[in-house]
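Novice: Please read through the structure below; I'll follow up with questions.
Numbering (my numbering), first residue to last: 12 to 319.
Written out as structure tokens, the structure reads:
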């Protein structure tokens with residue numbers, strides 16, 4: 012009896028050992044990190060919308076990482092015209108070999124000499140690992156005209172304009188090309204509203220803000236860029252300097268923060284056959300008493316670009 016009892020006990024122990032080994036093995040597998048593919052980040056320059064003339068060089072630095080070995084950096088390009096429409100001039104740069112699980116890679120290229128002024132090139136950059144998994148990021152190069160290249164655009168200047176707050180029955184919006192306060196009565200056609208005062212009415216003091224209804228209805232969500240006299244020469248404004256100032260800003264606004272006297276606000280305007288720009292110089296803000304009053308308004312000068 013003792014012998015039989017001992018045999019059963021040994022078998023039970025063996026079975027428990029097998030179960031224990033299997034359980035430990037299963038737990039180890041579960042603890043392994045999943046393969047989530049590579050990662051890629053642009054670390055320089057800080058602004059991923061570069062401004063260059065045709066044939067000018069540029070360098071972008073990428074940081075790549077993976078839990079598998081990295082294999083290569085692949086870069087493709089797409090060309091967009093001056094109205095941000097893809098025109099199909101796509102290309103692929105030579106692949107850059109990469110090894111290891113982390114890498115810092117400098118990519119240097121030149122703006123294609125055949126690209127027209129004010130066109131943009133979107134570079135999409137892929138980190139690809141040894142298993143074929145990939146991740147991507149992108150940057151833009153906006154093409155500036157060569158020095159001395161004639162501009163197809165002029166800049167018109169106007170002074171002493173204003174718009175009311177949006178509690179007013181009309182004239183709370185503005186069209187830069189027509190130099191008109193809108194609407195004259197009723198709600199008006201927002202496709203004509205280059206800007207519209209948008210502060211709301213439940214405030215103790217007038218804190219003006221702007222939106223751009225016509226641009227946003229036509230698909231341009233972020234069209235405001237703030238600058239000032241230390242960064243932009245208002246008196247010498249040209250289409251190219253406005254283009255540079257707008258596209259060098261990493262984060263244009265869809266709605267402005269509260270306006271302040273002395274600010275310059277660049278507004279991108281969607282007009283055929285090419286986007287134009289206006290720049291407002293905020294000269295005054297009238298706050299006529301407690302709360303939002305019907306006569307509260309914004310005073311400004313402005314310049315607007317136009318085809319010759």
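Here a beta-carbon is modelled for each residue, glycine too, at the ideal position from N, C-alpha and C.
1. Determine whether the beta carbon atoms of residue 69 and residue 120 lie at a separation below 8 angstroms.
2. CA-CA distance, residue 217 and residue 201?
3. Should residue 287 go down as buried or exposed, given a rule of 16 or more other Cβ atoms within 10 Å for buried?
4. Excluding the 5 residues flanking residue 57 on each side, which residues of the same chain have their C-beta closer than 8 angstroms to its C-beta?
5. So if DSSP puts residue 317 in a beta bridge, which residue, or which two residues, is it bridged to?
6. Per DSSP, what are the beta-bridge partners of residue 71 in this structure?
7. Less than 8 angstroms between the C-beta atoms of residue 176 and residue 219, yes or no?
8. What do you reckon, are the CB atoms on residue 115 and residue 74 nearer than 8 angstroms?
9. Would residue 319 pass as a contact of residue 163 if the rule is Cβ separation under 8 angstroms?
10. Return the CA-CA distance between residue 125 and residue 258, expressed in angstroms with no decimal places.
11. What's the C-alpha gap between residue 98 and residue 153?
12. Considering just the uninterrupted stretch of the beta strand (DSSP E) at residue 192, what are its terminal residues?
13. Opposite residue 245 in the DSSP bridges: which residues?
14. Please classify residue 235 as buried or exposed, where buried requires at least 16 other C-beta atoms within 10 Å of its C-beta.
15. CA-CA distance, residue 249 and residue 223?
16. Within the same chain, show all residues whose beta-carbon is closer than 8 angstroms to that of residue 266, passing over the 5 residues directly before and after it, in chain order.
17. Anyone know if the C-beta pair for residue 179 and residue 276 falls short of 8 angstroms?
18. Could you compute how far the alpha carbon of residue 82 sits from the alpha carbon of residue 189?
19. Can you tell me whether residue 229 is helix, strand or coil according to DSSP?
20. Which residues in the same chain have their Cβ closer than 6 angstroms to the Cβ of residue 281, if we skip the five residues on either side of it in sequence?
21. Hey, out of 101, 51 and 211, whose CA is closest to residue 269's CA?
22. By the DSSP assignment, the beta strand (DSSP E) with residue 254 in it spans what residues?
23. For residue 91, which option in 271, 128 and 117 has the closest C-alpha, if you only look at C-alpha atoms?
24. Please report the distance separating the alpha-carbon of residue 278 from that of residue 291.
25. Would you mind giving the Cβ-Cβ distance between residue 112 and residue 80, rounded to the nearest angstrom? I have them listed as a contact below 8 angstroms.
26. Taking the alpha carbon of residue 142 as the reference point, which residue from 313, 298 and 110 has its own alpha carbon closest?
27. If you count every other CB in all the chains shown that lies within 10 Å of the CB of residue 2, and 16 or more means buried, which is it?
28. Cβ of residue 185 within 8 angstroms of Cβ of residue 157?
29. Can you name, in chain order, every residue of its own chain whose Cβ lies under 6 angstroms from the Cβ of residue 160, other than the five neighbours on each side?
30. Apart from the five residues on each side of it in sequence, which residues of its chain come closer than 6 angstroms, Cβ to Cβ, to residue 165?
Specialist: Taking the structure as given:
1. yes
2. 23 angstroms
3. buried
4. 261
5. 165
6. The bridge partners DSSP lists for residue 71 are 118.
7. yes
8. yes
9. yes
10. 21 angstroms
11. 15 angstroms
12. 191-193
13. The partner list for residue 245 (beta bridge, DSSP) is empty, contrary to what the question assumes.
14. buried
15. 22 angstroms
16. 209, 220, 221, 222 and 235
17. no
18. 56 angstroms
19. If DSSP states are grouped into helix, strand and coil, residue 229 belongs with coil.
20. 226, 229 and 231
21. Considering only alpha carbons, the answer is 211.
22. It is not in any beta strand (DSSP E) - residue 254 instead sits in the alpha helix (DSSP H) that spans 250-258.
23. 128
24. So the two alpha carbons sit approximately 8 angstroms from each other.
25. 6 angstroms
26. 110
27. No answer is possible for residue 2: it lies beyond the span of the chain, which begins at 12 and ends at 319.
28. no
29. none
30. If we look at residue 165 and ignore the five residues flanking it on each side, its Cβ neighbours are 317 and 319.
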